[in-house]
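Position one of the sequence shown corresponds to residue 41 (the numbering used here), numbered consecutively onward.
The beta-carbon is built from N, C-alpha and C at its ideal position, and this holds for glycine as well.
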Amino acid sequence: MKRIFLLTALCLSLACAKSTSLEEMIAQMIVIGFDGTKESDKWVEQVAKDIKREKIGGVFLTEKNIQNVAQLKKLTDYLKAQAPADAALIVAVEHDGSDANLFSLKKGFAPAYGANEIATSKDVNETASIYDAMCSSMAKGGVNVNLAPVLDLQRKIAGNAKESERSYASYEEIVTTYALLFIDAMYRNGMTPVVKYFPYAGANLWDDFSSRADASASWRFEQLKPYYDLIAYDKIDAVLMSHAKINDLDPKEPSLFSKTIIQNLLRDKMHFKGVVFVHNLRTDSLPNTLDFKQRVIRSVQAGGDILVFTNYFADNASMPFTVQKILLDAVRSGEISQASIEQSYARILTFKKNLSKRGSYAY
């Protein structure tokens with residue numbers, strides 16, 4: 041009788057256990073930017089509600105959110121406290137060292153250096169110290185994900201200073217060496233890197249995704265070598281997709297919409313098991329024949345796991361609501377399979393578990 045009672049109790053507890061809904065799985069795929077710097081600000085409060093109600097999986101911080109280290113820590117602690125215990129909040133920035141205004145000395149953060157300045161003027165010991173200071177100051181502010189470093193090989197175009205600034209070098213061994221120093225500094229300081237731009241950004245590296253980039257002419261397969269090496273070293277948890285079109289890899293689709301590039305190349309051939317990030321879905325770097333809805337759907341169809349948006353609002357509604365509805369409708373219509381959403385959700389949970397472990401780094 042006692043055994044029957046225990047068996048019944050176990051069955052009831054399993055039946056009552058909370059199963060994850062499709063809506064909740066999709067929410068973990070959404071990372072949102074917002075206005076505000078403190079708890080009482082209107083849009084900070086709105087984002088906090090979205091986190092608590094499990095409508096988003098993370099936030100993306102820009103200059104409009106960052107005043108100094110103490111202020112940032114207070115803001116990120118407040119937002120992290122709203123997240124469910126089993127799914128840590130992604131607190132992401134994009135700081136590869138080329139934008140000195142985002143985390144400036146004036147705000148109390150460590151000095152920032154562009155990739156090429158590092159590779160041409162600093163040895164590996166100096167670079168390790170510089171990156172450790174950069175990452176330590178970001179982590180003290182509560183940042184746990186950084187969309188960096190750039191793994192693109194430099195093309196050495198005369199007069200293009202911005203490309204030179206953001207690329208370490210034209211040789212893959214140098215890129216891998218210096219990128220690894222940045223990656224290790226992030227891991228040591230409780231942060232997770234999102235390396236970029238897979239497989240190669242082309243002109244978007246210096247034009248801030250303001251144009252459609254066909255990188256076919258400048259593409260060379262050596263561009264993949266830093267990714268191959270860092271995946272083999274188990275140093276890549278996440279990649280950020282390029283918007284460039286590369287005919288040798290996929291003659292039809294830009295990289296972020298290409299299942300051939302994300303699934304066949306990155307996952308199957310290169311054995312990448314982590315999370316694929318996609319961003320800048322509202323920029324002119326994508327075909328103007330595709331509206332926002334199709335851009336969201338196509339990026340997920342191709343294999344994108346996490347979609348990053350810098351603004352809280354879409355055209356007529358909040359971005360979380362808009363993206364959630366687009367993806368729910370796409371699953372219901374059969375444009376996107378529920379299985380692919382479940383796979384993305386599983387990868388994101390693994391990513392977040394690792395995030396929680398690294399986040400235990402104490403300041």
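*asked:* My assumption, with CB atoms under 8 Å, is that residue 187 sits in contact with residue 280. Please give the rounded CB distance.
replied: Contact holds; Cβ gap of about 5 Å.
_In whole angstroms, give me the CA-to-CA distance for residue 336 and residue 329._
Whole-angstrom Cα-Cα distance: 14 Å.
*Close Cβ partners of residue 156 (< 8 Å) along its chain, the five nearest in sequence each way excluded*: Cβ neighbours of residue 156 beyond the five flanking positions: 194, 204, 205, 206, 207, 208, 209.
_Only counting the same chain, and skipping five residues up and downstream in sequence, which positions put a Cβ closer than 7 Å to that of residue 86?_
Cβ within range, chain order: n/a, list empty.
*asked:* With distance defined between alpha-carbon atoms, name the residue in 350, 269, 146, 363 nearest to residue 219.
replied: The option with the nearest alpha carbon to residue 219 is 269.
*In three-state terms, what does DSSP make of residue 300?*
In this structure, residue 300 counts as helix in the three-state DSSP scheme.
*Any idea which residues DSSP pairs residue 132 with across the strands?*
Under DSSP, residue 132 forms a beta bridge with 100, 185.
_Please state whether the Cβ-Cβ distance between residue 344 and residue 296 is less than 8 Å._
In this structure, residue 296 lies closer than 8 Å to residue 344 by Cβ.
*asked:* Could you check whether the Cβ of residue 354 sits closer than 7 Å to any heavy atom belonging to the ligand FMN?
replied: The model on display carries no ligand, and the ligand FMN is accordingly not part of it.
*Which residues in the same chain have their Cβ closer than 8 Å to the Cβ of residue 382, if we skip the five residues on either side of it in sequence?*
Taken in chain order, the residues that qualify are 65.
*How many angstroms separate the CA atom of residue 89 from the CA atom of residue 256?*
Looking at the two C-alpha atoms, the distance is approximately 44 Å.
*asked:* Helix, strand or coil for residue 228? Go by DSSP, reduced to three states.
replied: Helix at residue 228.
*asked:* For residue 160, count the other beta carbons within 10 Å of its own beta carbon; 16 or more makes it buried, fewer makes it exposed. Which is it?
replied: Counting the other CB atoms within 10 Å of its CB gives residue 160 a total below 16, which places it among the exposed residues.
*Select from 324, 109, 370 the residue whose C-alpha is nearest the C-alpha of residue 176.*
Selected option, being the one with the closest Cα: 109.
_For residue 367, which residues in the same chain have their Cβ closer than 6 Å to its Cβ, ignoring the five residues on either side in sequence?_
Once the five neighbours on either side are set aside, the close Cβ partners of residue 367 are 66.
*Closest Cα partner of residue 223 within the set 260, 103, 173, 211*: Checking every option, the nearest Cα to that of residue 223 belongs to 173.
*Which residues mark the beginning and the end of the alpha helix (DSSP H) in which residue 62 is found?*
Its alpha helix (DSSP H) spans residues 62 to 67.
_Inter-residue Cα distance where the pair is residue 240 and residue 178_ = CA-to-CA, the gap between residue 240 and residue 178 works out to about 26 Å.
*Check residue 198 in the structure and name its three-state DSSP category.*
Any reading at residue 198 needs caution, since the residue's pLDDT is 49, under 50, leaving its predicted position unreliable; the model's value is listed next. In the three-state scheme derived from DSSP, where H, G and I count as helix and E and B as strand, residue 198 is classed as coil.
*C-alpha distance - residue 356 paired with residue 185, whole-angstrom precision*: Roughly 29 Å separates the two Cα atoms.
*Can you tell me the Cα-Cα spacing of residue 387 and residue 395, whole angstroms?*
Distance between residue 387 and residue 395, taken at the CA atoms: about 12 Å.
*Do residue 226 and residue 232 have their C-beta atoms within less than 8 Å of each other?*
Taking 8 Å as the cut-off, the Cβ atoms of residue 226 and residue 232 count as close.
*asked:* DSSP three-state label for residue 359, please.
replied: In this structure, residue 359 counts as helix in the three-state DSSP scheme.
*Give the secondary structure of residue 236 by DSSP, where H, G and I count as helix, E and B as strand, and everything else as coil.*
In this structure, residue 236 counts as strand in the three-state DSSP scheme.
_Using C-beta distances below 7 Å, list every residue in its chain close to residue 359, excluding the 5 sequence neighbours before and after it, in chain order._
Once the five neighbours on either side are set aside, the close Cβ partners of residue 359 are 72, 349, 351, 352, 353.
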